[in-house]
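Here the structure comes first, spelled out in structure tokens, and everything after it is commentary.
Protein chains: 4
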Amino acid sequence: MSRPRSEEKRLALLNAAAETVAAHGLGAPTALMAKKAEVAEGTLFRYFPTKDELLNEVYRHLNGCAYEAISKDFPAGAPLEIRVRSVWNSYIDWGLANRAANEAMTQLAASSVLTSSTRAEVEAMFAGLVPGLSEADLFKGQSPYFADAVFMALAKITMDFASCERDRVEAYKASGFAMIWRLYSKD
Amino acid sequence: MSRPRSEEKRLALLNAAAETVAAHGLGAPTALMAKKAEVAEGTLFRYFPTKDELLNEVYRHLNGCAYEAISKDFPAGAPLEIRVRSVWNSYIDWGLANRAANEAMTQLAASSVLTSSTRAEVEAMFAGLVPGLSEADLFKGQSPYFADAVFMALAKITMDFASCERDRVEAYKASGFAMIWRLYSKD
Amino acid sequence: MSRPRSEEKRLALLNAAAETVAAHGLGAPTALMAKKAEVAEGTLFRYFPTKDELLNEVYRHLNGCAYEAISKDFPAGAPLEIRVRSVWNSYIDWGLANRAANEAMTQLAASSVLTSSTRAEVEAMFAGLVPGLSEADLFKGQSPYFADAVFMALAKITMDFASCERDRVEAYKASGFAMIWRLYSKD
Amino acid sequence: MSRPRSEEKRLALLNAAAETVAAHGLGAPTALMAKKAEVAEGTLFRYFPTKDELLNEVYRHLNGCAYEAISKDFPAGAPLEIRVRSVWNSYIDWGLANRAANEAMTQLAASSVLTSSTRAEVEAMFAGLVPGLSEADLFKGQSPYFADAVFMALAKITMDFASCERDRVEAYKASGFAMIWRLYSKD
DNA sequence: GATGAATGAGTTTTCATTCAT
DNA sequence: GATGAATGAAAACTCATTCAT
């Protein structure tokens, strides 16, 4: 009945799994993940009943980390543009600082291992993340998640290009933010 | 003198592979692909030396199809907005009409099976697809592929949401186009 | 804490592989070897990463066994002829008592699966096996391994003929030894 | 009813098979043999019903070639030593000049693909090849094939060592002949 | 609770052989 | 008669998962 022993090992496994997926794709063997986490092969299955469950958990975990990064230092009372820019910058910065995590998330998001409940959970977590975006004229009448999805998609490619040209990171970030900001304007 | 290798079978394999990947992920067994293409398991490997080669070929093939769909009916001499809208609509329509193909492309794009040469080839094919976009103020100074990537990314989520709400397809298409069109405006 | 890898299983696999090769040639399926060793197919590959590695290991193992058989009861201080005869008899006897092992060794030796390092290792093990042979007039100036190779080759056919005519074993052994002994004489 | 068309193709296949076996072992694909013979994959099976039959035929063919080499220039009326030396030299020379053929023969001889009738046929062909050897004192009472087998075995290793040290070929040939010649002497 | 050895179903790939052309 | 495309049975090897220690 008692929870598995060490929260530390759980985290090690989660991160090891993310790195392994980033490096070897979703087909990456659990044995490798265990080794990277420095636990025995069998131990992994005491923390996660199934590889698929582990991967779902990884997805939740990584998104949670990203969310946390965005929340920290969020300038709650500041004007809209400042707040939006803060979210954008935090997210991009986190992505660039955690390439492996990001890569893993991308692979997982595209895959068929995520249960709909995992997807829903994450979607809900990010709902309304970007201040006021889903209320912008452009998104009127659409699914409330549409705006967030657009934000994430633009962030994703901004990261991709920025991380290929590390000396132009700020340029891409600015370009990306400009795109986002235009989405707010009236018709 | 003997039977010639059939282009028909090649295509059947390509499409079967796409469908199988869409349905079962990249880990889908080649046996399933062969069966869906109605050829023997061994035959698949006479047409494609390796599963990975097959998947790369699938990616090229599907992108080629999408490209073709966009090119057809392109109103060459029309005003900019009309041309951009045509590209947008063609692409979205193709994606909605070929969900499996689209799903397969997404999985492949996120995966690690694509060689850089495959990626480059496809990137090049779509380069400049969207009339004038990469010359817009927003993309000045960025990689010429950035604009195209943004276009594709926005198209992707537009398709995703549209295909979940089939009665609001036109609304999403319009919304999506609005986003694109704003990218053209001066600072 | 957990079961240790069993040396017993390793040996079982090695011997099973030898028997299987003797019976079915080098193309013998690993599945058969595993079954004969009474372990699962997958287990074989935990002990030997590759069929080829297994076969190399088999070759080393069997030669080691033969070597041991020769070393045991070697009459260290006896006159030359006695010592040479002991080596000859031990080797032939071992070969006749272990037909399968011998057959496997022959097939392996002729094949292209043995790495040069395996060959070198075994060659070195047997180097100088036959007391004084490589110093005989006949072998002056030749590779030091030449004498040993001649010895082994003569032993091989002696075994082959002896094992076809089990009632004339001693005659063949004697005949064989006579050949060897003549190699020692001065020009 | 009519024999397969071209004797030339038959020979090409036989030689290609020998080379392929020498290079890739007995597991060498028939497709490769066909390609090396410059005929279609299917054609091979019009000349030889089965891979195994082909390999048996190869063995016969190569031994036939070796035999022919020995027979040519055989100094029929010369004294014994001259005749024996001629056989020895011819055989070694042929082996050194046809490394691939020799390698193939070795692999085949060690393998389990040769039918006993093939083996018997070849054994018979070489029976009595070496003038008077099987009547030497040493071989009295043994199988008449024993002497030939000894001759072949000594020849084999002589070739092996000679071909590794191409500048000492004559030394090895002489050394080898000396061994053979000693087998003739009275007890 | 942790470990890692054992398992065997499942995967990709090869290849001898057949047969339509 | 020759060709080479097609076949599918096997082969080597992998890996999620179990369980004895």
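Chains as they are written, first to last, in UniProt numbering: chain U, 1 to 187; chain Z, 1 to 187; chain H, 1 to 187; chain X, 1 to 187.
Using N, Cα and C, we set each Cβ at its ideal position, and we do this for glycine too.
Since this is a predicted model, take the numbers as computed values, not measurements.
Inset, instruction - Using a Cβ cut-off of 7 Å, pull out every chain Z residue sitting near L80/U, in sequence order please. - result: What L80/U touches in chain Z: nothing, since even the nearest Cβ is about 18 Å away.
Legend entry - chain H residues whose Cβ lies nearer than 9 Å to that of I157/X: F146, A149, V150, M152 and A153
Inset, instruction - Would you tell me roughly how many angstroms separate the C-alpha atoms of S134/X and F45/H, rounded to the nearest one? - result: 49 Å
Legend entry - T106/U, DSSP secondary structure in three states: helix
Inset, instruction - Answer yes or no: do A66/U and W88/U have a C-beta to C-beta separation smaller than 8 Å? - result: no
Inset, instruction - Could you work out which residue in A149/U, Y59/U, K173/U and A40/U is closest to E19/U when comparing CA atoms only? - result: Y59/U
Inset, instruction - Examine chain H for any beta-carbon lying closer than 8 Å to the beta-carbon of F45/X, and answer yes or no. - result: no
Legend entry - Coil, strand or helix - A18/X by DSSP: helix
Legend entry - V84/H - DSSP class collapsed to helix/strand/coil: helix
Inset, instruction - Indicate the three-state DSSP secondary structure (helix, strand or coil) for G77/U in the structure shown. - result: coil
Inset, instruction - Leaving out five residues on either side along the sequence, give the residues of the same chain with a beta carbon under 8 Å from the beta carbon of M1/U. - result: Reliability of the predicted coordinates at M1/U is poor, the pLDDT of 40 falling under 50, and no value is obtained from them.
Legend entry - Neighbour flag for A178/X against chain H, beta carbons, 8 Å: yes
Legend entry - Best match in K35/X, V39/X, N15/X and H24/X for proximity to R5/X [C-alpha to C-alpha]: V39/X
Legend entry - Proximity below 8 Å, CB of L62/Z to CB of M159/Z: no
Inset, instruction - Decide if A110/U is buried, meaning its Cβ has at least 16 other Cβ atoms within 10 Å, or exposed. - result: buried
Inset, instruction - Quick one: grab the DSSP three-state call for R115/U. - result: Note on identity: in this sequence residue 115/U is Thr, with Arg being the wrong assignment. Looking at T115/U - three-state DSSP - the assignment turns out to be coil, as it is neither helix nor strand.
Legend entry - Residues of the segment 10–33 of chain X whose Cβ lies closer than 8 Å to any Cβ of chain H, in chain order: H24, G25, L26 and G27
Legend entry - Outcome for T118/U when other beta-carbon atoms lying within 10 angstroms are tallied against a minimum of 16: buried
Inset, instruction - Identify whether G141/H lies in helix, strand or coil by the three-state DSSP scheme. - result: coil
Legend entry - With 16 other Cβ atoms within 10 Å as the buried cut-off, status of L11/U: exposed
Legend entry - Test: F126/H CB closer than 8 Å to a CB of chain X: no
Legend entry - Between the CA atoms of E53/X and G27/X - distance to the nearest angstrom: 14 Å
Inset, instruction - Within the same chain, show all residues whose beta-carbon is closer than 6 Å to that of V113/H, passing over the 5 residues directly before and after it, in chain order. - result: D52 and L55
Inset, instruction - Reducing DSSP to helix, strand and coil, say where F151/H ends up. - result: helix
Inset, instruction - Use the C-beta contact count for E81/U: other C-beta atoms within 10 angstroms, 16 or more gives buried, fewer gives exposed. - result: exposed
Inset, instruction - For K9/U, I'd like the list of residues in its chain whose CB is within less than 8 Å of its CB, leaving aside the five on either flank, ordered along the chain. - result: A37, V39, T43 and Y47
Inset, instruction - Could you list the residues in the segment 89–122 of chain X with a C-beta less than 8 Å from some C-beta on chain H, going in chain order? - result: T106, Q107, A109, A110, S111, S112 and V113
Inset, instruction - Counting only the same chain and skipping the five closest in sequence on each side, list residues whose C-beta sits under 7 Å from that of A100/X. - result: A18, E19 and A22
Inset, instruction - Check whether the segment 162–178 of chain U touches the segment 154–174 of chain Z, counting contact only when three or more Cβ pairs, one atom from each stretch, lie closer than 8 Å. - result: no
Legend entry - Alpha-carbon to alpha-carbon, E57/H and E121/Z: 46 Å
Inset, instruction - Run the CB neighbour count on E41/Z, radius 10 Å, all protein chains shown included, and call it buried at 16 or more, exposed below. - result: exposed
Inset, instruction - Find the nearest neighbour of L183/H within the set L138/X, A34/X and A178/X, judged by alpha-carbon distance. - result: A178/X
Inset, instruction - Under 6 Å Cβ to Cβ from T30/Z, same chain only, skipping five residues before and after it: list those, please. - result: L44 and K51
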